[in-house]
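First residue of the sequence shown: 121, per this note's numbering; consecutive thereafter.
Note that the Cβ used here is the ideal one computed from N, Cα and C, for glycine as well.
In this text, all values refer to a predicted model and were calculated from it rather than measured experimentally.
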Amino acid sequence: MTRILTNARLSDGRLVNVHIDDGKISKVDPAGAELPPDGNAEDLDGWLLLAAMVEPHAHLDKALTAEEIPNPKGDLRGAIDAWIAAAAAGQVTHEGTVERAAAAMELLLVHGVTAVRTHVNVLGTNRTKSLRAVKEAAGRFRGLLDVQTVALTSSPMTGPDGADNRSALEAALEEGVDFVGGCPHLDPDGPGLIRNALALATDAGIGIDLHVDEMLDPTVLTLRELAHQVIDTGFEGSVAASHCVTLGMQPRVTQLEVAALVAEAGIAVFPLPQTNLFLQGRDHPTAMPRGLTAVSALQECGALVAAGADNVQDPFNLVGRSDPLETAALMVMAGHQLPDAAYDMVANNARRALGLAEVNFSPGDPADLVAIDAPSIRGAIADAPMARRVFRQGVLVASADQQTTVHHPRGE
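See the structure below:
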């Protein structure tokens, strides 16, 4: 049976009916056009209808722990110390991780997210415990939310001291992950970590998604090394580089040189404004850097740029709403993007980066959609109203309604 979303307002202002068959958009015609007699229609009453959003970089095994694992220092070292201490004290349990990850997935879904890629700690100390918990949580959302997992390894990964961490990664690959992760800029042998990640990913037939250059030291530029290795090896899997903060600290000529390599290598870059605005720049009281990558240089060179929230309400980022509209707003305010481009970063650009088909309201596009009670993309990003309807393959999978009332004093 054809499902029809009637009276939907597209971003160009058109009021349309969107016809959906077998989970894909089959036709878009003007609102008011005759509907098929056997169609199942849902009236969107003029709400804005957009491509569903995607979270390309999350840490669902850590999400929503800000209360139980506080970070009094508020900085990166404080977050790491807090997490290590909590894990050593037995605070990070399987059951707790499952419930928190599931709660974070529900928040994403209700806000309009139909796919998420999450990094999950895979360490010599906990091996695949967190991975199993996140997978269990993801099982509750089968058919509602696509969940991709990245094995986030700890440093060192190279040399004799990295043996336990390498063993944990091998266990994660056997258990099943979608991407090899890691932090080459923190490893004693960053190029060696990248070589190992590419080799393991090639053998497993999966991609890599690395935390890259999450610091403000301009002498560190691991992103260039990653691009060279991807090009030189001819790696055919998906490659993503998250953060890439130090690229934003380079002279313009260097930004363009590295951005061109990134584009040639086919690397998707994920700026993560929430966490990097929170963590970076604390030691720069004057002319504080924003902790974002060189977005404009990457765009100018044709690299794929999508944006994510990273950590949400945990020691690494004490706030966050699990809403990509918050990410888009920060890309407008801190990343100097126009609203339409910022929305693309959390929707179609992120879909491409995760290997998903774009949604451009053309026949054959997936019917992964979000309807928002807002007048435009700019208005949706500005107000982030919680009146939303979320559709996956054309089926309503989540909804939220917002009601406001002004109570005037009696007699006025």
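| request: Would you tell me roughly how many angstroms separate the C-alpha atoms of residue 368 and residue 192, rounded to the nearest one? | output: When rounded, the distance between both Cα atoms is 28 Å.
| Residues sharing a beta bridge with residue 238, DSSP | Partner(s): 178, 269.
| request: From the DSSP output, in three-state form, read off residue 390 for me. | output: strand
| query | Which residues share a DSSP beta bridge with residue 250? | reply | None, per the DSSP bridge assignment.
| query | Taking C-alpha atoms, which residue in 168, 264, 308 lies nearest to residue 506? | reply | Among 168, 264, 308, the Cα nearest to that of residue 506 belongs to 168.
| message | Just verifying my parser: in three-state terms, what is the DSSP assignment at residue 462? | response | helix
| Neighbour-count burial assignment, residue 307, 16 or more Cβ in a 10 Å radius | buried
| Proximity of residue 229 and residue 264 at Cβ, strictly below 8 Å | yes
| residue 270 vs residue 236 beta-carbon contact at 8 Å | no
| task | Could you check if residue 160 is buried or exposed, using at least 16 other CB atoms within 10 Å of its CB as the buried criterion? | result | exposed
| task | Starting from the Cα of residue 509, find the closest Cα among 155, 171, 134 and give me that residue. | result | 171
| query | Using the beta-carbon count (16 or more within 10 Å), is residue 262 buried or exposed? | reply | Exposed is the call here.
| query | Does DSSP put residue 193 in a helix, in a strand, or in coil? | reply | coil
| query | Alpha carbon to alpha carbon, how far is residue 249 from residue 435? | reply | 20 Å
| said: Beta-carbon within less than 7 Å of residue 433's beta-carbon, same chain only, minus the 5 sequence neighbours each way: which residues are those? | reply: 183, 184, 186, 439, 440
| message | Can you check which of these residues, 514, 385, 449, 373, is closest to residue 392 by C-alpha distance? | response | 449
| Looking at the unbroken beta strand (DSSP E) that takes in residue 515, where does it start and where does it end? | 515-520
| request: Say whether the segment 277-290 touches the segment 469-488, bearing in mind that this needs 3 or more beta-carbon pairs closer than 8 Å, one atom from each stretch. | output: Below 8 Å, too few C-beta pairs join the segment 277-290 and the segment 469-488 to call them touching: fewer than three.
| field | Nearest candidate by alpha-carbon position, reference residue 123, set 132, 133, 146, 135 | value | Nearest C-alpha to residue 123: 146.
| query | Quick one: what does DSSP say residue 341 is sitting in, helix, strand or coil? | reply | coil
| Does DSSP put residue 348 in a helix, a strand or coil? | helix
| request: Please say whether residue 365 and residue 396 have beta carbons closer to each other than 8 Å? | output: yes
| Of all the options 361, 403, 516, 304, which has the alpha carbon lying nearest to the alpha carbon of residue 470? | 361
| message | Taking DSSP's pairing of strands, which residues face residue 326 in a bridge? | response | DSSP, once it has assigned bridges, lists no residue as partnering residue 326.
| field | Beta-carbon proximity of residue 317 to residue 300, cut-off 8 Å | value | With respect to residue 300, residue 317 sits close: the two C-beta atoms are nearer than 8 Å.
| If you draw a straight line from the C-alpha of residue 291 to the C-alpha of residue 125, how long is it? | 45 Å
| message | If you measure between the beta carbons of residue 254 and residue 242, is that distance less than 8 Å? | response | The Cβ atoms of residue 254 and residue 242 lie no closer than 8 Å to each other.
| query | Are three or more beta carbon pairs between the segment 442-458 and the segment 414-430 nearer than 8 Å? | reply | yes
| query | For residue 196, which of 135, 412, 403, 349 has the nearest alpha-carbon? | reply | 403
| task | State buried or exposed for residue 181, treating a residue as buried only when at least 16 other CB atoms are found within 10 Å of its CB. | result | buried
| For residue 376, which of 137, 343, 188 has the nearest alpha-carbon? | 343
| message | Since residue 350 and residue 387 should fall inside the 8 Å C-beta cutoff, what is the C-beta to C-beta distance between them, to a whole number of angstroms? | response | 6 Å
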